[in-house]
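To start, the structure itself, in structure tokens.
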Amino acid sequence: MSTPPSARVGVTAVQAALARQLASRASPARRLRRAALVVVLIVLYGLCWQLAQVDLIKLADGLPKLGHWLAQAWPPDVAELPLFAQRMGETMAMAALGTTAAALLALPMAVLASRNITPFPKLYYPARWLLNALRGIDSFVFALLFVAAVGLGPFAGVLGIALHTWGSAAKLFADHIENAGTGPLDAVRSTGAGRGTAIVYALLPDLLPVLLSTTLFWWEFNVRASTVLGVVGAGGIGLELKNSMDLLDFSRLFTIIALILVVVTLLDQLSGWLRKRLV
Numbered sequence: 009m010s011t012p013p014s015a016r017v018g019v020t021a022v023q024a025a026l027a028r029q030l031a032s033r034a035s036p037a038r039r040l041r042r043a044a045l046v047v048v049l050i051v052l053y054g055l056c057w058q059l060a061q062v063d064l065i066k067l068a069d070g071l072p073k074l075g076h077w078l079a080q081a082w083p084p085d086v087a088e089l090p091l092f093a094q095r096m097g098e099t100m101a102m103a104a105l106g107t108t109a110a111a112l113l114a115l116p117m118a119v120l121a122s123r124n125i126t127p128f129p130k131l132y133y134p135a136r137w138l139l140n141a142l143r144g145i146d147s148f149v150f151a152l153l154f155v156a157a158v159g160l161g162p163f164a165g166v167l168g169i170a171l172h173t174w175g176s177a178a179k180l181f182a183d184h185i186e187n188a189g190t191g192p193l194d195a196v197r198s199t200g201a202g203r204g205t206a207i208v209y210a211l212l213p214d215l216l217p218v219l220l221s222t223t224l225f226w227w228e229f230n231v232r233a234s235t236v237l238g239v240v241g242a243g244g245i246g247l248e249l250k251n252s253m254d255l256l257d258f259s260r261l262f263t264i265i266a267l268i269l270v271v272v273t274l275l276d277q278l279s280g281w282l283r284k285r286l287v
């Protein structure tokens with residue numbers, strides 16, 4: 009059975025395309041670009057190695073010290089477990105209040121920073137720039153600034169978490185809104201409803217599960233992040249963590265770290281369970 013002429017033409021065209029592709033891969037210019045890319049990457053990582061002051065000899069010398077400290081951490085010191093539980097409660101309260109405040113602030117800002125639904129198009133870029141600034145400053149830095157403003161304690165941690173999470177959550181909210189279909193929104197607008205009414209009753213109900221899932225992610229993230237805010241005096245379990253490290257009290261330090269791991273693991277499980285209910 010002979011091959012139809014159209015099939016032979018198709019096979020020939022495919023073979024020609026493959027030949028051109030192989031020739032382009034083997035071209036001297038392409039090989040030169042690849043070699044240049046490899047050289048650039050080597051130089052870049054070599055520069056990073058130098059700037060980071062990586063010293064494997066120091067690592068090898070320090071590992072035995074680390075093993076000695078780990079040996080001193082056993083058995084764990086549970087005498088102050090009620091105090092640690094109270095500090096952990098402060099940490100969770102900081103994360104809960106900061107995340108909730110950030111989510112409430114993020115929703116109207118996300119509407120303003122969404123190109124497809126913003127009521128003030130001229131404010132789109134300024135809103136995005138503000139969110140980038142808030143995201144670019146870590147909650148640790150914000151907490152340090154607020155410790156100077158409102159004094160030592162968990163309140164400074166709440167404010168630090170809220171500002172950083174506000175920028176991060178609003179950016180993600182805005183991305184979800186821009187990627188969402190505007191069919192229901194346009195349908196409600198066509199009935200004569202205002203923009204705000206259409207957003208509340210047509211757009212947000214469809215986006216609510218993903219927005220709540222994003223908020224849960226930031227809540228569990230902030231619980232982990234706020235464990236170190238005590239280093240700058242923002243309260244929580246991080247304060248006891250820093251005190252134990254300063255005193256080289258490794259058995260006390262081990263108890264604190266174990267408590268953090270247990271609480272974070274339980275919160276991750278709870279957050280995962282809640283996310284499944286939102287889908």
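Mind the numbering: the sequence shown is residues 9 to 287 in my numbering, read in order.
Don't be surprised by glycine CBs; every beta carbon is placed ideally from N, CA and C.
The Cβ neighbour count for Trp174, taken over all protein chains shown within 10 Å, is at least 16; the residue is labelled buried. The three-state reading of DSSP puts Pro72 in helix, counting H, G and I together. If you compare the alpha carbons of Ala156, Gly246 and Val240 with that of Val231, the shortest gap goes to Gly246.
Boundaries of the alpha helix (DSSP H) around Phe92: Leu89 to Leu120. Boundaries of the alpha helix (DSSP H) harbouring Lys179: Pro162 to Asn187, taken from the DSSP string.
About 7 Å separates the CB atoms of Pro162 and Ala242; that is less than 8 Å, so the two are in contact. Its Cα nearest to that of Thr222, the residue Gly280 stands out among Gly280, Trp57, Leu237 and Ala233.
One Cα belongs to Leu224, the other to Leu267, and the distance between them is close to 21 Å. Residue nearest to Asp183 within the set Leu282, Ile125, Leu52 and Pro90 is Ile125 (criterion: CA-CA distance). If you draw a 10 Å sphere on the C-beta of Ala103, you find 16 or more other C-beta atoms in it, and that means buried. Annotation: the continuous alpha helix (DSSP H) that includes Ser252 extends over Ile245 to Leu255. Distance between Ile264 and Val51, taken at the CA atoms: about 42 Å. CA-to-CA, the gap between Leu167 and Phe181 works out to about 20 Å. Judged by DSSP in its simplified three-state form, Arg38 adopts helix. In its chain, beyond the 5 residues on either side, Ala178, Phe181, Ala182 and Ile185 have a beta carbon closer than 7 Å to the beta carbon of Ala118.
In its own chain, leaving out the 5 sequence neighbours on each side, no residue places its CB closer than 8 Å to the CB of Leu216. Pairing Val240 with Ala151 gives a Cβ-Cβ distance under 8 Å.
Between Arg136 and His172 the beta-carbon gap is near 16 Å, outside 8 Å, which marks them as no contact. Going by beta carbons, Leu64 and Phe148 fall outside the 8 Å limit.
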